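In this note's numbering, the protein residues as written are 16 to 246. Don't be surprised by glycine CBs; every beta carbon is placed ideally from N, CA and C. Fair warning: this is a prediction, and the values are worked out from it, not measured in the lab. Note sheet for the following structure.
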């Protein structure tokens with residue numbers, strides 16, 4: 016034991032610091048994965064009655080993905096739950112996130128069975144400030160020739176005048192979109208979301224007591240999508 020301690024003391028401070036950092040990184044990485052798996056398992060609970068089966072969790076960097084295969088009568092072909100925990104392996108970043116009160120996040124994405132008859136983007140009220148990238152993107156959307164409903168918080172875009180009229184008179188849908196602003200960080204409904212391969216996506220902060228509410232909200236928006244009979 017004494018020989019081992021003398022060996023440690025003989026090492027340069029930089030080597031000791033590097034060793035401690037590596038050890039903390041490995042421990043943090045393991046805890047990060049354990050937390051992500053716990054997060055996904057809890058999100059999967061309110062989806063149990065909706066999904067026929069779940070695929071094995073896969074990992075990409077510090078993100079963890081769970082694929083849901085919905086029941087036969089579901090309005091989507093597939094659904095993905097993506098867990099995005101805080102970067103616990105990087106101690107400084109983790110502490111900084113705690114100071115800034117950043118939260119773990121997760122994304123719900125769905126590949127719908129029917130093509131959405133309009134596109135939709137919602138900018139969350141939960142964001143304390145709009146990120147420059149988000150703001151530029153939203154301004155870009157505003158400059159499009161749009162028939163439909165547009166304000167500074169969400170945009171509904173369609174090239175069909177009749178569809179636009181129906182959307183503007185669909186008060187339950189507009190109220191639902193206003194409601195999502197208070198619960199989601201981002202919501203997007205498009206023909207296909209780039210790099211995701213899905214049509215509908217929403218990002219939420221991970222709050223264990225709110226999981227059921229956010230999942231229900233996600234499914235409620237999908238159910239509220241109007242599909243004209245003579246489209």
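Helix, strand or coil for residue i? Go by DSSP, reduced to three states.
| i | result |
| --- | --- |
| residue 68 | strand |
| residue 240 | coil |
| residue 215 | strand |
| residue 234 | helix |
| residue 84 | strand |
| residue 129 | coil |
| residue 101 | coil |
| residue 56 | helix |
| residue 124 | strand |
| residue 164 | Residue placement at residue 164 cannot be trusted, given a pLDDT of 44 that sits under 50; what the coordinates show is reported in the next sentence. Correct three-state label for residue 164: strand. |
| residue 139 | coil |
What residue from the options has the CA that sits closest to residue i's CA?
| i | options | result |
| --- | --- | --- |
| residue 121 | 229, 213, 239 and 220 | 220 |
| residue 216 | 227, 226, 224 and 199 | 199 |
| residue 85 | 184, 66, 74 and 183 | 66 |
| residue 224 | 45, 54 and 34 | 54 |
| residue 47 | 70, 69, 187 and 78 | 78 |
Leaving aside the five residues before and after residue i along the sequence, list all residues of the same chain whose C-beta is less than 7 Å from its C-beta, in chain order.
| i | result |
| --- | --- |
| residue 204 | 131, 134, 135, 214 and 215 |
| residue 106 | 39 and 43 |
| residue 185 | 241 |
| residue 128 | 90, 91 and 92 |
So, for residue i: in the same chain, excluding its five sequence neighbours on each side, which residues have a beta-carbon less than 6 Å away from its beta-carbon?
| i | result |
| --- | --- |
| residue 227 | 61 |
| residue 36 | none |
Under 8 Å Cβ to Cβ from residue i, same chain only, skipping five residues before and after it: list those, please.
| i | result |
| --- | --- |
| residue 80 | 72, 73, 74, 95, 96, 97 and 98 |
| residue 50 | 100, 103 and 119 |
Pair every Cβ in the stretch 222-239 with every Cβ in the stretch 46-62, then say whether three or more of these pairs are closer than 8 Å.
-> yes
Hey, is the stretch 42-59 in contact with the stretch 96-103, meaning 3+ C-beta pairs nearer than 8 Å?
-> yes
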